[in-house]
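Each remark here refers to the structure printed beneath this line.
2 protein chains.
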Amino acid sequence: MGTKERRAREKEQLRRQIIDAARELFVSEGYENVSMRKIADKIEYSPTVIYLYFKDKADLLDSACQETLLGLLDTVELLKRDKSDPIEALRKSGRAYVEFGLEYPQDYKLTFVIRPQFQKGLGLEEGSVGERVFSYLRAMVAECVRQRAFRQVDVETTGQALWSAVHGVTLLLIDFPDFPWTATDKLIDTVIDTMIEGLKA
Amino acid sequence: MGTKERRAREKEQLRRQIIDAARELFVSEGYENVSMRKIADKIEYSPTVIYLYFKDKADLLDSACQETLLGLLDTVELLKRDKSDPIEALRKSGRAYVEFGLEYPQDYKLTFVIRPQFQKGLGLEEGSVGERVFSYLRAMVAECVRQRAFRQVDVETTGQALWSAVHGVTLLLIDFPDFPWTATDKLIDTVIDTMIEGLKA
DNA sequence: TGGTATACTTAACAGTGTTAAGTTAAATTA
DNA sequence: TAATTTAACTTAACACTGTTAAGTATACCA
Numbered sequence: 548m549g550t551k552e553r554r555a556r557e558k559e560q561l562r563r564q565i566i567d568a569a570r571e572l573f574v575s576e577g578y579e580n581v582s583m584r585k586i587a588d589k590i591e592y593s594p595t596v597i598y599l600y601f602k603d604k605a606d607l608l609d610s611a612c613q614e615t616l617l618g619l620l621d622t623v624e625l626l627k628r629d630k631s632d633p634i635e636a637l638r639k640s641g642r643a644y645v646e647f648g649l650e651y652p653q654d655y656k657l658t659f660v661i662r663p664q665f666q667k668g669l670g671l672e673e674g675s676v677g678e679r680v681f682s683y684l685r686a687m688v689a690e691c692v693r694q695r696a697f698r699q700v701d702v703e704t705t706g707q708a709l710w711s712a713v714h715g716v717t718l719l720l721i722d723f724p725d726f727p728w729t730a731t732d733k734l735i736d737t738v739i740d741t742m743i744e745g746l747k748a
Numbered sequence: 548m549g550t551k552e553r554r555a556r557e558k559e560q561l562r563r564q565i566i567d568a569a570r571e572l573f574v575s576e577g578y579e580n581v582s583m584r585k586i587a588d589k590i591e592y593s594p595t596v597i598y599l600y601f602k603d604k605a606d607l608l609d610s611a612c613q614e615t616l617l618g619l620l621d622t623v624e625l626l627k628r629d630k631s632d633p634i635e636a637l638r639k640s641g642r643a644y645v646e647f648g649l650e651y652p653q654d655y656k657l658t659f660v661i662r663p664q665f666q667k668g669l670g671l672e673e674g675s676v677g678e679r680v681f682s683y684l685r686a687m688v689a690e691c692v693r694q695r696a697f698r699q700v701d702v703e704t705t706g707q708a709l710w711s712a713v714h715g716v717t718l719l720l721i722d723f724p725d726f727p728w729t730a731t732d733k734l735i736d737t738v739i740d741t742m743i744e745g746l747k748a
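Chains as they are written, first to last, in the numbering used here: chain Z, 548 to 748; chain B, 548 to 748.
So this is what it looks like as structure tokens:
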């Protein structure tokens, strides 16, 4: 009687196969340079089978990056727990954020640049991944203010400003890899540290 | 004997027609959704004629973006002359940069997000307009350091960090217009002022 | 064993960027 | 003025793309 369950399991397996193949190709070749046929070749199925599991190519990419984005949430959430040094926690979270973007540039750009272009109003609505990432950032800023490590700044605006800064450096490093940046690590640190310095009590 | 000159002038005219048509379409429809055939239709020539004037679609995009950059350079350069208060000059330039991006959001994204995706490695090389915009920013930071308004920071890295910050807030405001930002003006000021505050002597 | 639903494939459509070859018209030369 | 060269532009095609309608085979259930 478990045939139905086995069937569902097999379907789920193929779904996973597709996502994994797509993600691998997206990351290594870039979203634009990956065709549905290439993905199909990799999993040794016909291209059309993908459309039985995903609405279209954008939907596939959407699904492909969701789990890595949830990984970012996990990382940031871990760092939040340490309340003894909220500034250091903020600094580490900022670095983790940028490093995540550099590790999965395609995923990052899809979520924070490409998706909002085609799905206006979406991507940061209540409960979405983006919104949840930001709410963690806000909580950390609040902790810095509460412990008087930061001066009495507006938590909401400050959170948004910090997000702007890390978002900006992430995208510049992704989009202009050949620009003569001083040194990736140094630049990231300078962005984050300068913002933090400007917020201290 | 001016036939050669007239010919050259006519060539230049068609070149301009192509760029104008392309830029209009890129901005209104998005780079991806504009085909060479659409551009050709608009100027009432065959698609192939474009390839006599531009290497490929990315090269055409590149030319279209250059005008955007020149506009940005003009906007920002107006503020450079005032050396009496270099910090205020920097602040105003930062605001001008972001406001330019918000005034021409499609052009801004085309230049700083879409183009690097298709013209890898290009856009910021020696002597380019983009490089000139950045070198202007660097000069202002240097002036702040020279006048001891900033502490003895690394001018190169600091310039890049400032660029990251304004780039980030510009893109977030463009891409997530429905996000509950505190207030556009306040956010922009907070980003710029916090960075400046973190750099002061 | 017969019928049905499911999983998957084939073949095609309408589009893309790009190029080799061909045409037309203008400028130059004899 | 007539022949020739040269430049500007077009036609037709190639090798792709995302996507879908229609068809096939297979596993399940009665």
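Every residue, glycine too, gets a C-beta built ideally from N, C-alpha and C. Model, not experiment: these values are computed from the prediction.
Can you tell which of the options has its C-alpha closest to the C-alpha of residue i?
i: threonine 622 (chain B); options: B:Arg642, B:Glu552, B:Glu703 and B:Arg563; result: B:Arg642
i: lysine 630 (chain Z); options: Z:Glu571, Z:Gly577 and Z:Glu690; result: Z:Glu690
i: leucine 619 (chain Z); options: Z:Tyr683, Z:Ile597, Z:Gly577 and Z:Ala569; result: Z:Tyr683
i: aspartate 603 (chain Z); options: Z:Ala569, Z:Ala712 and Z:Gly577; result: Z:Ala569
i: valine 596 (chain B); options: B:Asn580, B:Lys558 and B:Val713; result: B:Lys558
i: glutamate 576 (chain Z); options: Z:Asp632, Z:Pro652, Z:Tyr598 and Z:Arg698; result: Z:Pro652
i: aspartate 767 (chain Z); options: B:Leu746, B:Ala730 and B:Asp567; result: The requested residue 767 (chain Z) does not occur in the structure, where chain Z is confined to residues 548 to 748.
i: valine 660 (chain B); options: B:Asp632, B:Val738 and B:Tyr578; result: B:Tyr578
What is the rounded straight-line gap between the Cα of residue i and the Cα of residue j?
i: serine 582 (chain B); j: arginine 556 (chain B); result: 27 Å
i: aspartate 725 (chain Z); j: glutamate 591 (chain Z); result: 36 Å
i: proline 756 (chain B); j: tyrosine 600 (chain B); result: Nothing about residue 756 (chain B) can be read from this structure; chain B reaches only from 548 to 748.
i: valine 700 (chain B); j: valine 692 (chain B); result: 7 Å
i: glutamate 646 (chain Z); j: threonine 717 (chain Z); result: 8 Å
i: leucine 649 (chain Z); j: phenylalanine 723 (chain Z); result: 12 Å
i: isoleucine 565 (chain B); j: aspartate 609 (chain B); result: 13 Å
i: aspartate 736 (chain B); j: glutamine 707 (chain Z); result: 12 Å
i: leucine 607 (chain Z); j: valine 574 (chain B); result: 27 Å
i: lysine 733 (chain Z); j: lysine 656 (chain B); result: 26 Å
i: leucine 572 (chain Z); j: glutamine 560 (chain B); result: 43 Å
i: tyrosine 644 (chain Z); j: lysine 589 (chain B); result: 44 Å
i: alanine 587 (chain Z); j: isoleucine 721 (chain B); result: 35 Å
i: phenylalanine 697 (chain B); j: tyrosine 598 (chain Z); result: 57 Å
i: asparagine 580 (chain B); j: proline 727 (chain Z); result: 32 Å
i: arginine 662 (chain B); j: aspartate 632 (chain Z); result: 41 Å
i: glutamate 552 (chain Z); j: glutamate 673 (chain Z); result: 33 Å
Taking 8 Å as the CB-CB limit, is residue i close to chain Z?
i: valine 738 (chain B); result: yes
i: aspartate 609 (chain B); result: no
i: phenylalanine 659 (chain B); result: yes
i: threonine 741 (chain B); result: yes
i: glycine 745 (chain B); result: yes
i: lysine 627 (chain B); result: no
With a CB to CB cut of under 8 Å and the five nearest residues on each side skipped, what residues in its chain are close to residue i?
i: arginine 695 (chain B); result: Ala748
i: tryptophan 710 (chain Z); result: Phe681 and Leu684
Can you list, in chain order, the residues of its chain with a C-beta nearer than 7 Å to that of residue i? Leave out the 5 residues immediately preceding and following it.
i: isoleucine 743 (chain B); result: Ile634, Leu637 and Arg638
i: arginine 628 (chain Z); result: none
i: methionine 548 (chain Z); result: Any reading at methionine 548 (chain Z) must be qualified, since the residue scores a pLDDT of 49, below 50, and its modelled position is unreliable; the value itself is stated next. Hits under 7 Å: none found.
i: valine 702 (chain B); result: Arg685, Val688, Ala689 and Val692
i: arginine 584 (chain Z); result: Pro594
i: threonine 658 (chain B); result: Cys612, Thr615 and Leu616
i: glutamate 624 (chain B); result: Tyr683
i: arginine 679 (chain B); result: Leu620
i: arginine 554 (chain Z); result: none
i: threonine 731 (chain Z); result: Leu720
In chain order, what residues of the same chain lie with their CB nearer than 6 Å to the CB of residue i, ignoring the 5 residues before and after it?
i: aspartate 654 (chain Z); result: Cys612 and Thr615
i: threonine 705 (chain Z); result: Val688
i: serine 640 (chain B); result: Val623 and Leu626
i: arginine 562 (chain Z); result: Tyr600
i: valine 738 (chain B); result: Ala712 and Val716
Measure from the C-beta of residue i to each C-beta in chain B and report whether the shortest distance is under 8 Å.
i: methionine 548 (chain Z); result: With a pLDDT of 49 at methionine 548 (chain Z), under the threshold of 50, the modelled position of that residue is not reliable, and no figure is offered here.
i: proline 663 (chain Z); result: yes
i: leucine 572 (chain Z); result: no
i: lysine 733 (chain Z); result: yes
request  = Using a Cβ-Cβ cut-off of less than 7 Å, give me the residues of the segment 716-728 of chain B that come near chain Z, in sequence order.
outcome  = Val716, Leu718, Leu719, Asp722, Phe723, Asp725, Phe726 and Trp728
query = Which residues, in order along the segment 688-716 of chain B, keep a beta-carbon less than 9 Å from a beta-carbon of chain Z?
reply = Val700, Asp701, Glu703, Thr704, Thr705, Gln707, Ala708, Leu709, Trp710, Ser711, Ala712, Val713, His714, Gly715 and Val716
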